[in-house]
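For the sequence shown, the positions run 63 to 356 when this note's numbering is used. Even for Gly, the Cβ is constructed at its ideal location relative to N, Cα and C. Since the structure is predicted, the reported quantities are computational estimates derived from the model, not experimental observations. Input: a single structure, listed below in structure tokens.
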Amino acid sequence: MKKYFVCSDIHSYFDEWISSLNEAGYQKDNSEHILIILGDLFDRGKKPWEIYQFISSLPEDRVVLIKGNHEYLLLELVKRKFPYDYDFSNGTYDTLIHLYKDPRKARKDWIKRHSSKNTSDDSEIFFASYEYYQKVEKRLYDNPKINVLVDWINSSRWLNYYELGQYIFVHSFIPLKGVDNIYSMNSKGEYYQNWRNETDPKRWEMATWGCPYQRYLDGNFVEELKKGKILVCGHWHTSDFFNKLLYYGQQHMDYRKENPIFRSANYPGLIAIDACTAATHKANVLVINEEELV
């Protein structure tokens, strides 16, 4: 009997993720155990390559990969080849460093190696080191590991969503009418029946952003709810679901300490699993047995 282990927003915290999988009963060598990952594998943590190696060591039919906004951010940064402020705040630039090396530290080490011990005037060495810095920085965007990851994320292995029985697995939400660019990202949007066949990549990318429970409260999942569907999402730490939907604005949960899986009879079509691993050092694992599928 198949068993599905649903994870999200691992953010390069490999050890924490593996620990959570083991605790949930996941067995790497069990052919009946299937991973469903709702995006945001990378950024923030220090082990992006270890996560890639683990997933790529598994048979393809035992892993479902869904793109998150951080997959899009990584592809965008590598294509652009220079960082914006949000690449630092989102941890995307750190992913490049963990896949190669830190140009700032490399430059500092280069200065240390080339500085003269017999003089205090190392200005020429200091300025010459900038050329070395530029070479290292250039390699951030073109080295074997990042090239492998870019090809992998761009491959057909990555999906926009996955549907299994009554469950619809997404990173944040399904694509909506009126939400197809960065300027409309925070608009309410509008449900449309044919979203499963959406071919506009920008609309799918925008679906990885925004607050899932707000989209749900705006009525954009009502038609799917009538069919008995349940949205399973990541992207937004679950303590906010509890505080806003069940505790009505009272901060009963601190996102830095606890983000358990959110599910409630009050919101039958909504399950959220983002544990904010960067803060809690835990990863949620939603376990679904095959016999539970409708």
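Taking the alpha-carbon of residue i as reference, which of the options has the nearest alpha-carbon?
i: Ile-80; options: Tyr-148, Leu-97, Lys-65, Ser-93; result: Leu-97
i: Tyr-275; options: Asn-131, Lys-108, Gly-331; result: Gly-331
i: Lys-207; options: Ser-234, Leu-158, Val-284; result: Leu-158
i: Leu-120; options: Asn-92, Asn-346, Thr-300, Asn-256; result: Asn-92
i: Ile-333; options: Asn-248, Ala-341, His-343, Tyr-229; result: Tyr-229
i: Glu-78; options: Trp-257, Val-356, His-343; result: His-343
i: His-369; options: Met-63, Tyr-66, His-73, Glu-199; result: Given that the chain is displayed from residue 63 to residue 356, the structure contains no residue 369 and the question cannot be resolved.
i: Arg-219; options: Lys-200, Asp-123, His-95, Phe-104; result: Asp-123
i: His-314; options: Asn-321, Pro-322, Asn-305; result: Asn-305
i: Arg-201; options: Thr-339, Leu-161, Glu-285; result: Leu-161
i: Val-68; options: Ala-341, Val-356, Ala-337; result: Ala-337
i: Val-140; options: Val-198, Asn-209, Ser-82, Tyr-114; result: Asn-209
i: Gln-312; options: Leu-103, Val-198, Tyr-223, Asp-302; result: Asp-302
i: Lys-129; options: Gly-240, Gly-101, Phe-231; result: Gly-101
i: Ile-215; options: Ile-335, Ile-187, Asp-316, Leu-127; result: Leu-127
i: Lys-319; options: Ala-327, Tyr-310, Ala-345; result: Ala-345
i: Arg-255; options: Asp-262, Pro-263, Asn-282; result: A small fix is needed here, since residue 255 is Gln in this sequence, not Arg. With distances taken between Cα atoms, Gln-255 lies closest to Asn-282.
i: Ala-340; options: Ser-151, Ala-86, Tyr-66, His-95; result: Ser-151
i: Lys-264; options: Asp-280, Met-247, Leu-279, Tyr-278; result: Met-247
i: Leu-211; options: Leu-287, Phe-104, Ile-173; result: Phe-104
i: Val-349; options: Glu-85, Phe-76, Tyr-75; result: Glu-85
i: Asn-205; options: Tyr-148, Tyr-317, Trp-111, Tyr-146; result: Trp-111
i: Asn-259; options: Tyr-223, Gly-227, Gln-115; result: Tyr-223
i: Pro-322; options: Lys-64, Ser-70, Glu-286, Lys-65; result: Ser-70
i: Gln-115; options: Glu-94, His-95, Lys-90, Asp-149; result: Lys-90
i: His-297; options: Phe-231, Leu-287, Val-284; result: Phe-231
Opposite residue i in the DSSP bridges: which residues?
i: Glu-133; result: Bridge partners of Glu-133: none, in fact.
i: Tyr-66; result: Ile-96, Ile-350
i: Tyr-194; result: DSSP lists no partner for Tyr-194.
i: Phe-324; result: Ala-334
i: Tyr-329; result: Ser-326
Below 8 Å on the Cβ atoms is my guess for residue i versus residue j; work out the distance and round it to an integer in Å.
i: Tyr-203; j: Lys-143; result: 5 Å
i: Trp-257; j: Ile-244; result: Incorrect: roughly 20 Å between the Cβ atoms, too far for contact.
i: Tyr-194; j: Arg-169; result: 6 Å
i: Glu-225; j: Leu-238; result: About 17 Å; that fails the 8 Å criterion.
i: Tyr-329; j: Leu-355; result: With 8 Å as the limit, Tyr-329 and Leu-355 do not qualify as a contact, their Cβ atoms being about 20 Å apart.
i: Lys-163; j: Val-125; result: Not confirmed; about 29 Å, so no contact.
i: Ser-249; j: Val-241; result: 6 Å
**Segments of 4+ residues assigned as alpha helix (DSSP H) that fall wholly inside the region 204 to 253** = With a minimum length of 4 residues, the continuous alpha helix (DSSP H) runs that stay inside the region 204 to 253 are 206 to 215.
Inter-stretch contact (C-beta, 8 Å, three-pair minimum) for the region 142 to 157 and the region 292 to 300:
Contact fails between the region 142 to 157 and the region 292 to 300, because fewer than three Cβ pairs, one in each stretch, are under 8 Å apart.
- What are the complete alpha helix (DSSP H) segments, minimum 4 residues, inside the region 292 to 319? With a minimum length of 4 residues, the unbroken runs of alpha helix (DSSP H) contained wholly in the region 292 to 319 fall at 300 to 303.
Q. Contact between the region 262 to 276 and the region 123 to 138: three or more CB pairs below 8 Å?
A. Yes: at least three Cβ pairs fall under 8 Å.
(message) Runs of 4 residues minimum, wholly inside the region 114 to 164: which ones carry the alpha helix (DSSP H) assignment?
(response) With a minimum length of 4 residues, the continuous alpha helix (DSSP H) runs that stay inside the region 114 to 164 are 131 to 142, 147 to 151, 154 to 161.
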